[in-house]
Each structure stands twice: as C-alpha cells, then as structure tokens.
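Protein chains in written order, with my numbering: chain A, 3 to 344; chain B, 3 to 344; chain C, 3 to 344; chain D, 3 to 344. Every residue gets a Cβ at the ideal spot worked out from N, C-alpha and C, and that includes glycine. Predicted, not measured: the structure shown is a model, and the values here were computed from it.
There are 4 protein chains.
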Amino acid sequence: MVKIGIVGGTGYTGVELLRLLVRHSCVELTVITSRSEAGNRVADMYPNLRGYTDLCFTEPDEEALKQCDLVFFATPNGIAMKQAPALLAAGVKVIDLAADFRIQDLQIWQQWYGMEHACPELVPEAVYGLPELFREQIRDARLVANPGCYPTAVTLGFLPLLKTGVADLDALVADCKSGVSGAGRGANSAMLMAETGESFKAYAVAGHRHQPEISQNLARALGQDVSLTFVPHLLPMIRGIHATLYARTQDGVDLQALYEETYADEPFVDVMPPGSHPETRSVRGGNVCRIALHRPGDGDMVVVLSVIDNLVKGAAGQAVQNMNLMFGLDERQGLDLVGLLP
Amino acid sequence: MVKIGIVGGTGYTGVELLRLLVRHSCVELTVITSRSEAGNRVADMYPNLRGYTDLCFTEPDEEALKQCDLVFFATPNGIAMKQAPALLAAGVKVIDLAADFRIQDLQIWQQWYGMEHACPELVPEAVYGLPELFREQIRDARLVANPGCYPTAVTLGFLPLLKTGVADLDALVADCKSGVSGAGRGANSAMLMAETGESFKAYAVAGHRHQPEISQNLARALGQDVSLTFVPHLLPMIRGIHATLYARTQDGVDLQALYEETYADEPFVDVMPPGSHPETRSVRGGNVCRIALHRPGDGDMVVVLSVIDNLVKGAAGQAVQNMNLMFGLDERQGLDLVGLLP
Amino acid sequence: MVKIGIVGGTGYTGVELLRLLVRHSCVELTVITSRSEAGNRVADMYPNLRGYTDLCFTEPDEEALKQCDLVFFATPNGIAMKQAPALLAAGVKVIDLAADFRIQDLQIWQQWYGMEHACPELVPEAVYGLPELFREQIRDARLVANPGCYPTAVTLGFLPLLKTGVADLDALVADCKSGVSGAGRGANSAMLMAETGESFKAYAVAGHRHQPEISQNLARALGQDVSLTFVPHLLPMIRGIHATLYARTQDGVDLQALYEETYADEPFVDVMPPGSHPETRSVRGGNVCRIALHRPGDGDMVVVLSVIDNLVKGAAGQAVQNMNLMFGLDERQGLDLVGLLP
Amino acid sequence: MVKIGIVGGTGYTGVELLRLLVRHSCVELTVITSRSEAGNRVADMYPNLRGYTDLCFTEPDEEALKQCDLVFFATPNGIAMKQAPALLAAGVKVIDLAADFRIQDLQIWQQWYGMEHACPELVPEAVYGLPELFREQIRDARLVANPGCYPTAVTLGFLPLLKTGVADLDALVADCKSGVSGAGRGANSAMLMAETGESFKAYAVAGHRHQPEISQNLARALGQDVSLTFVPHLLPMIRGIHATLYARTQDGVDLQALYEETYADEPFVDVMPPGSHPETRSVRGGNVCRIALHRPGDGDMVVVLSVIDNLVKGAAGQAVQNMNLMFGLDERQGLDLVGLLP
C-alpha cells in the first residue's frame, strides 16, 4: 500500500483526489492538511465522502508528511516549491497539482506567476506529468509537475497533427471553454452562480498563464517554437473543458488514421469516429480525453475537438495516473470511471 | 457470472444500468434490445460507454432474452407486463424498472395508468423492490417491481417517523423536487432546456401516479391508511430528488436517535448529523439516500429532508441492488460509487 | 421629476433599481454611492446599463443625498437605520430595501438581526411597503420598509385564504424555493456556481429571518397569530421565488372566486386559471406575483402556488411601486415589464 | 398605428416578437396564426404575456393577413416563400424571420436548405435586414429577409476589420457559441435539458447553413470572396450568442478607433473599451450587439468578441428594428430594452 499525504485538501482538486483515492485499492490515505479546516472531518465538508473516509483535516505537519510515500500538493501556486525540497530529501515523492514546476524557463515562470521561484534547482529535475508525452520519465520521477487543465486538452489535441510537419505553425488557434470549477473554491464574487450562470464570456484574452505552458509542450515535442493564439472562455456549467483547435495545412494527410495510430495504445485518449462531436459530459467524472477531427469543406483548415473533465484528466485523475506510474502500479488502477451521462 | 438482458436500453434508466453493469464484476451483459436503435453500437449512442462495451442494440428477441438469468425492463409502462410471463416461465428472473407491478390494487393501478393490466395474476407475486422494506422477500423473488423515484425518497424519509405512532397521519405533506432526467429521454417540447432551464414550477398538483405508490408503501408498513398531500416540482437541473416532508407530532420522541437506529445497518441510507441540509449533489451518481431531521423552533412540526439521485437509488442503482439480493451477491457489489461533487 | 439617490448601488437590488429607474420617465437619478466603487462608472460595473446612464459611483455624501426627493437604501441590514434619520429630517423620503424597518417588535428584530436598533423611534412610523396591504399608508409615508422577497410571495399567496376564517391556522406550511440572486453579490464560496449549480438543498430550516416578517404580516392582517413552518430552499438558477403553501380547511369555500375578487383591482397580482402551475420564468424581470390554487383530490388540504421575481416584485420593482405611490405617480409607471420567456 | 400580423407565432421568435410588440406604442397586433394552437389564447401558452394581450391564435387566414400593413413570418424555412407573394401583391409588407430570402444565389440556397425555391423572382428584390449594412434599402423595402443569429454577430464583428484591407482574408475563423433557444421550441430529444445541460459541444462542424449567409454578407461588403471557417457550439444556457473571431493582419491599424468610428452612430452596436470581455448576459433581452477587440501579445492575430441575444438582435428585435425603418418610425421605438443582469 502506498502511503499518501495531501497538502491543501479543501479545494476542488483536493476533494476530487479524495473521490479517486478512497476507492483505489493500492493506497492508504494517511494525512490531509488544511490550515482553515484543521480538526474537522473531511466528510463533514464533503458529504459525498460520508461512508468512505473518517479522516480529519490536520494542521500542516511536515513530520507526518515525511512518513508518506507520496505527497500530493493540491495547493495554490507557490506552496509546493517551498515544501517539496524537505519532503524529497526525506525520500518522499511529490506530485504538484499547481504550477510551480511546470515551466522549465524560470524567467517565463516568474513573469507569469509574479513571484520569485523558491527552489529553482529542482525545476530541471521535475518531470511534466503528461504520460502521453513523458511516460518513461514519470516512472522514474521523484517530482512530477501535474499539467494544467487547458494544456492537457490542447497539447493532446494538437500534437499528432503538428508532428506531421505539414501544418502551418505560425497561426495556430486554440479557442478553449472551461466549466467554472477550474476557478477553484475560493470566495470570489466573479464566480458566483448569479454572475456566471446563463451567460458566457471570454476572459484573459490578452494573456493567460496556460499559454506559455502549452507553447512549451508543443516546442519540446516538435523541437521548434510555434505561434499560438489561446483564448479561454468561461462556460455556465461546472465541469468540463472543450478545446476547439484550428491549424492550416496544405497537405492531404489522413489525419484520422494518424490520430488513431498515435493514440492506439493510450488508455486515456479516445479518438472518436470521423464526424464526431465530443461532448464534455461524455467524460464527466472520467479520466479520458476524447478527440475528433474535422476538415470543413475539405479545405485546408483542420479543426480538432478535444474534451476532458478539467478536474479529472485535467487535474486529479491525471495525478493518480502519474502516481500509478511512479509506483509501478497498473496505470489504470482506480481510474476505471465511466462518464456520468446524463 | 449472471447473464443479463436489458429490454429498452436507450432511455436514461437504460444507460444508467449500463454505466453500473459494465463495471460490475459478477455479471455478463449479453443482450440489450431497442427497436429504434437495433444494429447500432450502444457506445455510439452513449459515448461515455466507449471503451467499456462493444454491445449493439438488437431487435426485441424473446429467445435471446430467455438465455439470460435476469432481464431488466427499462421500458415505458405497459411493456414488462406483456413480456415478463414468458420469461418467468422460462426460468428467467425479471426486474421491471417501470410501474407495471408496483401497485397491488389493480383498480388503482388501472385508474392511474390508464390501461388494462396484461397479467394481473403475477401482480400478487411481484415483490416491491425497496430493500429497506422487503429485503428478505427480494432475495427469493422471481419478479421485482423496482420502486419509483419519488416513492423511494419519500418512503425512506417518512417511515421511521410514522412508525413511532406519534405522528398525525391525517395531514402529511411531501413537497418534492426532481431534476429533469426523471421525465426521460423522449422528445417532448415541455422538457427542452429552453423550457425548463432557469425556471421552476410545480406540476401535476391535482394528482400524480407516485402518490398511490407512496400511500401503498406507508399503509403496508404501518398497517393503516395515511392522508398524504404530494406535490412534485421540476428543478432546472438534471439529476436529483429532494423530498421535504412535513408531519405533526405532539410527542417529544428523539427522532435523530430513532432514525440512526432504524438505518444503522442499511448500506444505502445515511442519516446525517442534526442540523444537516443534504444536497442532491452529495448523492449524484451514487446509490445513497441521505436524510436529515429538523424540528423548527422545537415546535410540533417535524421536517424530514431526504435526497437521492433519481437515476441511481431512484432507478438503476436500486435495480442493481435488487439484482445483487436476488442472486446472493454482496448487496453493495458494483454500487461503490462516490457522489460526484462538485 | 423626482430626484433620486441610491445608497449602496453595487449589489443586485442596486443594479435592478437602476435597470428600472433609467427608463422611468418621471425620475432623475442624481447620486449613487458606493465606498468600494467610488469614482467608477456604473456602466463599467454593469455593462447592461451602457448607453443608459453616465453616472459614476460616489463616496457616501450626506449633503448630496439631502438634495434628493427620495433615497433608496440598497444596502446590507443595519445601514439605513443609521442614515435615514438625518435624511428624513431634511425632508427626504426614504425606502429601505433591507430589513431595518420591517419588524415592528424591536425585540424580535434584535433577536433575528443580531444588533441593537439604531433608531427605534422611527420604527412605528415606518410603513411596510406591500401595496396590496398598505397602499393608502404608503401614499402618505416618509419612510417605507420594502418587504423581503419570501414574505412578499408568501403573504400574497396566503392572505385571501386565511382571511376566510375557515383555514386551520395551527399548521401552515410554506415550502419556498429561491434563485441564488437572493443571496446577493458578496464574495461567498457557498454561492459559487460550482457549489450551487446542478444541485438543490434546503437551508436555515431551524429558523430564517423572513419567518417573523411573514408571521407579522399575517397576524396584522388577521388580527391573530398563526403557526407557520417556513422552509427555504436554494434553486440552481438566478432569479425567481416559488412558494408552495399548504393549509387545511374543512370548508368548501370557492377559493378561485375568492382570490380573483380579492386581487381583481391589483395591477401586480395575477390569479391564474384553475389548474395552472405558474412558472418563475413567467415573471422573470417583471413586477408580477402570479398565484394558482389547487385542492388535490378535493381533499381538505389547499395548495397555493405563488411566484415572483425576487429582484423585482421581491425587491427593486416593489420599491419603485412604492415610490410611485409616495409621489402620486401612476402606480404602474416604469413597471410595464413583460417577463422574459424563454 | 401599423397593423401587424404574425404567421406562426408559437415558436420562440414568435413569442419574442410578441414581447416586443405588445409594448410598442405605434403598432396594433391584429392577427396571429398557428395551425396547432388555433382558438387558444396566446397568453395561455405564454403566461408572461398575461395582462398584455387577449389575442387568440387563429387558423392561417390569408384574407385577415391581407388587412395588415405588415406580416412577420416567424415560421420554419419554406413557408414565407409560398405565402409572401400574395401578401405583397395585396400591398402588405413582409419580414421573414426564416431563411427563405436571405441567400441571393439560388443554387447555394437550394443546396443548403434542401428544397426548391417557391418564388425565385422575389429573391433579388428582398433586402437583407441588417440595418448596419442596408439601412436605406430597408426603408424602401416591401420584403425584408431578417438575418440569421450567427450571421448578425459575425458580420457586425468582422466588417470594420476586413474593410481595412489589411487583414488576411484566406484564413478567417469564427468560433461561435449559442444558447439552446436558437434551436427552437420543436420537440427534439437532442435539445432536452437532460441532453444539453451541464455539457458543451461543437456541432455541424462539417458545414452549417449560416456559413454561406455570412460569406455572402462579407463578400457583398468587401467586393471579394473570403475564406471563413465557421464552427458553431451549443451552450448550456438559453439565450445568447458569443462569436470569437480570428483574423491575421500585418498592419498596425488602430482597430479600436476604427470600430468606434464605424459604429459611432449606430444605435444598436456598442464598441466596448479596450480590454473588455463582453458577456452575453449584458445583452440578454436587449437589441444590442456588443463588441470588444484584442490583439494578444501585440501579435498579428486580432481577436474580436461579439455578443448578441440570439432572440433579439439575432431575430425578433432586429425584425422590429427593420419594421421601424420600413414604416418611417424612430428606429429605436419599442427597443429601449436594458439587458437583464443578473
């Protein structure tokens, strides 16, 4: 049994980790910390867990975390980079669900996240936890940077196409839409139901932190930079990301076959039949990324549709997938989740 | 392995049965019929099942169904009563998720369902599939009438209180609210999102088919008739039923203790701590009924709050629970489902 | 032109007042205060008002408010009671949309609102702004206490029935459901869309501030106390209140005729035909209360369905209606609003 | 008073026309036809209209329609083209809210709409009812083709930019999102709330009827063809369209100034300040198109955000605007509608 600690378990990635881990047959949840909720039962805060765990939140306690085999940081940005070094030194593996270790270029990181990095020396070692790109490295990693939600959907959707070498890398567009749970559980009047229900808008069009992360992923995979316009939008619903990706290509590559081959052995990427329109609800609560390809009017614009559940494949589910890899478990363990439809 | 057939698998109770059964380790899904979708893959219609089943819908085929150990009818009212007799005669067990066998008094049934009963002789044998009331009879049953969604939430919520004998049985009120999935997947302009979203209303206040079912349940359990006002309402959301139950009682019974004792050994009824307000999302996708008790102002009105997922404990989950009982499996098998929150 | 000031215009009752007043042909909006938004254009915060007003929020400024004919307080509880005396002394009329002047019994007020009243001497003078009950007093009032949202829907729904004298006043039930805008625009994680969407729950079952307000209304109208169980619930939608009211009566009064007569001359109460189920969307954005009556199974339980838009007839619309009365305008002026359906 | 008839008033564009026209001070509604609802009161079907009209639906009646000054067709495609000629011959003006007269190239029309055109001779005369493009022609028109919802948002959003001549016309992208009311009120299981709620998807990526309409608009205005990829998506909400438009341009034109100038005198186009993210709710129920411009990272991709209410500026509101022009009324008459926010 892998002994698990969770730092900052009161947010949505925290409760989603709990939903997955309480039913995972190879792990033992031993500690979950929260300053604000210390002493309270987890299931009092999240009644869906009643009957599944008696755990209480505790004050942050480095000694208790050091007894774990793995610690998940489900914290805001800037926490894991401070606490990970001591845990790693004690032989504990770490998965950070925030952004502290996602960006290899520290200058870019500091510019977008507005703080000094607390342990720059660990950044080169951190493995970017997208198994479809870095599976082998993840198996051997001590420190995994769990990907952002948008970057997961966009990277998986674009990669096979861009790797063909026939797409125009100068004018990629990722028009992305996310449910509100991506904004977290913090008190924020902009995310009230009365503000976000029955309405739709773009946000952060001038620039969003997930843009450099996506660009880094594509550049690393392609060996060259791309020019990507990324526009996020806020959906009046809770879970789900839909990425609509646009790229021009002169060439008549059989993209359907290409994508099917690329992802043939991937347990959590589903290339749908030609003509499909994946719905976010088909992956609600599941760890799958579903992808469909279109070429409207047989023209030179390719449209890729890519959907995930932002809290699962876009966060907690992918973290569990990474954990499985890091501990030599079946990659699918605990992730056998059928999407909740309707 | 229990060989399973499903008749009418294209509706919401059908897809929900599939969601549960494809991950149930003791069953084998062998046939699923649908006149309209015969020949099509189930996973094409319900992409959340992609990767979990390759089954295709088939034309109704009595011979194939007779090879099963158990057939679920996820059909409209009036179908099971025509097809069940032949299956039972062939030694196949039957669970009807519709209402054909729920009401013991045929006259009442015919009045509310507006048709002649096709096999009145089987009605007395049919066991009402609420395990909390009829567990032992379900174990031995050939034919189970799976309860309605409202009746499940209301019966479980009212019973311990009414069995005390101190509540006034003349003026019970069940003010119930349901998500739209209870109305099914049929084309119906009244259930469009543009009609039901961002709005709320009562319906069928003059009388609803679930009223005689609830009244029958309470009368059988109490040994006397009750007078119940049942008002259903339609919620602008998909899954979930919330029953708010009102009863007067002069007596100072410790209801919290009473409910906790009554349901102490029930795997799927959760009595919450005093002061709780159960949310439907805490049972979304799960097979649990959560109940909380209030006595506003310490007066003589007791308020019971009872929530279920109408498609799980209110339909497909309860049907699987009944199947487990009928085949001597662990009652919880395949129902280890944490509610999807948020 | 009536010169209008608004104190605290950044909340939902504030913006709703603005929506109504910018199109009201007899008023001139002269000042709108907000500590947090002082200096900002109202239309920058509420872009639906772009093109309708160039007004900016200002710091609270008693002198500017004293130049007005009428000041609306769209503030949290406890503000109007501090500022109203000086305005009234300066000859300015006041409508408080919060609760400071709604409850005549100060002890009850202080118990429910948890503060000392700052100007108890004005409470007896304050007129409760439900025109259907106190139209004549409102015409002459200097100080109007605009009713709460639930109390508006429940009082209008119950009154004609209870005034018959044949209903049992000992066991009234008001099962009420509200959209989330009733909770205001303050940052509150419990009201996030990710917390309130796709779910339903009761709240404050042990006791809610609107209960004593409703009880006071009924007692004043009937000349005797009633016993009312009031249970509020939170709907996964933005606007609208639906009150489902239950009362027993032995007598065969023709309630439909009674309600139609009672409200025949009321411009903003609509008694629907027998058998109706009013939807909240039919009053979305409008100032109407729609009511329908049922007697299920012709039994002795009467069910009254009453719907309003909590921000209009339940707040800002009713405040404008009161303003019209106080200044001798047509009561309907500026309230000619067709519900937005769908 | 302009005498108005409406053919097919039971759909959403019909009820929205009614919402606007019952409060329009210069019109008299004289006849509204519906085969299915003939004899029923309009307000029984749409209770938001109770108190505003006593009109009943009537059987289609050409003679009654011929007494009108103007007839709106709020019918499915293919109806107006059969009935308009007789009305025009009788001197009645016609506005078709469907697509019969929108496309000038009959071959394209027939290909996308799958039927033979019933009166090709009228197509050249029909004026495309986008006042921002064809105001003067509309004033003199007998027959107006009211634009589609997507074409309104996309055309208004793209035009000023494309007219600069510096944008790349070969790779335009219009990623559009619409609320479900755009699909109409017909019974259709795909549009049930249980199918469309809490989920998001693209549809018709291979090709959508509004694409040739948009292309025609742009080509007519620019005098040359453009290559546009148009991808529509379905939002889990009722009203609102959000178009996110992408175009490349090498040139450093001051687009903000350009758009502000272009639309300076337009009563129903609002160019928002730089950095804005228009929300669909800011135009809910209103006749405005709000537009904002972005140039992420000061690169060569321009992003235009354009929002409308699909039932108002995208249908009934624009039809009333056209009516005002055709009858010499103030273009804003009856369209003084503040968006319903929240």
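* Asked: Counting Cβ pairs, one atom from each stretch, are 3 or more of them under 8 Å apart for the stretch 56-72 of chain C and the stretch 95-103 of chain C?
  -> The answer is yes - the stretch 95-103 of chain C touches the stretch 56-72 of chain C, with three or more Cβ pairs under 8 Å.
* To do: Could you pull out every residue in the same chain whose Cβ sits closer than 8 Å to the Cβ of D/Met239, ignoring the five residues on either side in sequence?
  => Gly181, Val182 and Thr282
* Anything in chain B within Cβ reach of C/Glu281, meaning under 8 Å, just list it in chain order. => Ser201, Phe202 and Lys203, listed in chain order.
* Asked: When the Cβ atoms of the stretch 266-284 of chain D are set against those of the stretch 216-227 of chain D, are three or more pairs found closer than 8 Å?
  -> no
* Of all the options B/Gln139, B/Asp311, B/Gly13 and B/Asn326, which has the alpha carbon lying nearest to the alpha carbon of B/Asn79? -> B/Gly13
* D/Asp177 touches chain A at which residues, Cβ-Cβ below 7 Å? -> Asp177 and Thr246
* When you compare only the Cα positions, how much space is there between A/Thr231 and D/Asp300? -> 11 Å
* What is the residue span of the beta strand (DSSP E) that D/Ser308 lies within? -> D/Ser308 -> beta strand (DSSP E) spans Met303 to Ile310.
* How long is the line joining the alpha carbons of D/Ala245 and C/Asn50, rounded to whole angstroms? -> 18 Å
* Where the stretch 217-240 of chain D meets chain A: residues whose CB sits under 8 Å from a CB there -> Within the stretch 217-240 of chain D, the qualifying residues are Ser229, Thr231, Phe232, Val233, His235, Leu237, Pro238, Met239 and Ile240.
* With DSSP run on the structure shown, which of helix, strand or coil describes B/Asp105? -> Checking the sequence, you will find Ile at residue 105 of chain B rather than Asp. B/Ile105 falls in the coil class under three-state DSSP.
* Asked: Near A/Asp177, what residues of its chain come up, given a Cβ to Cβ distance below 6 Å and the 5 sequence neighbours on each side ignored?
  -> Hits under 6 Å: Val233 and Thr246.
* Determine which residues of the stretch 50-70 of chain B have a Cβ less than 7 Å from any Cβ of chain F, and write them out in chain order. => Annotation note: the requested chain F is absent from the structure, which comprises protein chains A, B, C and D.
* **In DSSP terms, what A/Ala249 is bridged to** => A/Val304
* Interfacial residues, the stretch 262-282 of chain A to chain D, with Cβ spacing under 9 Å -> Hits within the stretch, in order: Gly277, His279, Pro280, Glu281 and Thr282.
* Secondary structure at C/Ile97, three-state DSSP: helix, strand or coil? -> Judged by DSSP in its simplified three-state form, C/Ile97 adopts strand.
* Answer yes or no: does any C-beta atom of chain A fall closer than 8 Å to that of D/Ala208? => yes
* At 9 Å on the CB atoms, spell out the chain C contacts of D/Pro133, in chain order. => Simply none; closest approach about 17 Å.
* To do: State the DSSP-derived secondary structure class of B/Phe160, mapped to helix, strand or coil.
  => helix
* For chain D, find out if any of its Cβ atoms is closer than 8 Å to the Cβ of B/Tyr152; answer yes or no. => So no, B/Tyr152 is outside the interface.
* **Test: B/Arg144 CB closer than 8 Å to a CB of chain D** => no
* Asked: Helix, strand or coil for A/Tyr205 per DSSP?
  -> coil
* With 16 other Cβ atoms within 10 Å as the buried cut-off, status of B/Gly188 -> exposed
* When DSSP labels each residue in this structure, what does B/Tyr14 get in the three-state scheme? -> helix
* Asked: Given A/Ile140, which residues of its chain have a CB within under 8 Å of its CB, disregarding the five upstream and five downstream residues?
  -> Val129, Gly131, Pro133, Val146, Asn324, Leu327 and Met328
* Cα separation between A/Val304 and C/Tyr48? -> 38 Å
* With distances taken from CA atoms, which of B/Tyr265, B/Arg43 and B/Arg37 is nearest B/Leu20? -> B/Arg43
* Can a CB atom of chain A be found closer than 8 Å to the CB of C/Gly16? -> no
* Asked: Using a C-beta to C-beta distance shorter than 7 Å, which residues of chain C count as neighbours of D/Arg21?
  -> Val340
* Please determine, among B/Val33, B/Glu200, B/Lys179 and B/Arg104, the residue with the shortest C-alpha to C-alpha distance to C/Arg286. => B/Glu200
* To do: Using a Cβ-Cβ cut-off of 8 Å, state whether C/Pro78 counts as contacting chain D.
  => no
* Is the shortest distance between the beta-carbon of B/Pro344 and the beta-carbons of chain C less than 8 Å? -> yes
* To do: Measuring alpha carbon to alpha carbon, tell me which of D/Gln109, D/Ala196, D/Arg104 and D/Glu65 ends up nearest D/Ala88.
  => Between D/Ala88 and the set D/Gln109, D/Ala196, D/Arg104 and D/Glu65, the nearest pair of CA atoms involves D/Glu65.
* Would you tell me roughly how many angstroms separate the C-alpha atoms of B/Glu118 and B/Gln112, rounded to the nearest one? => 6 Å
* Asked: Among all the DSSP beta bridges, which residues are the ones paired with B/Gly288?
  -> B/Gly288 pairs with nothing; no bridge assigned.
* **Simplified DSSP assignment, three categories, for A/Cys1** => This structure cannot speak to residue 1 of chain A, because chain A is shown only from 3 to 344.
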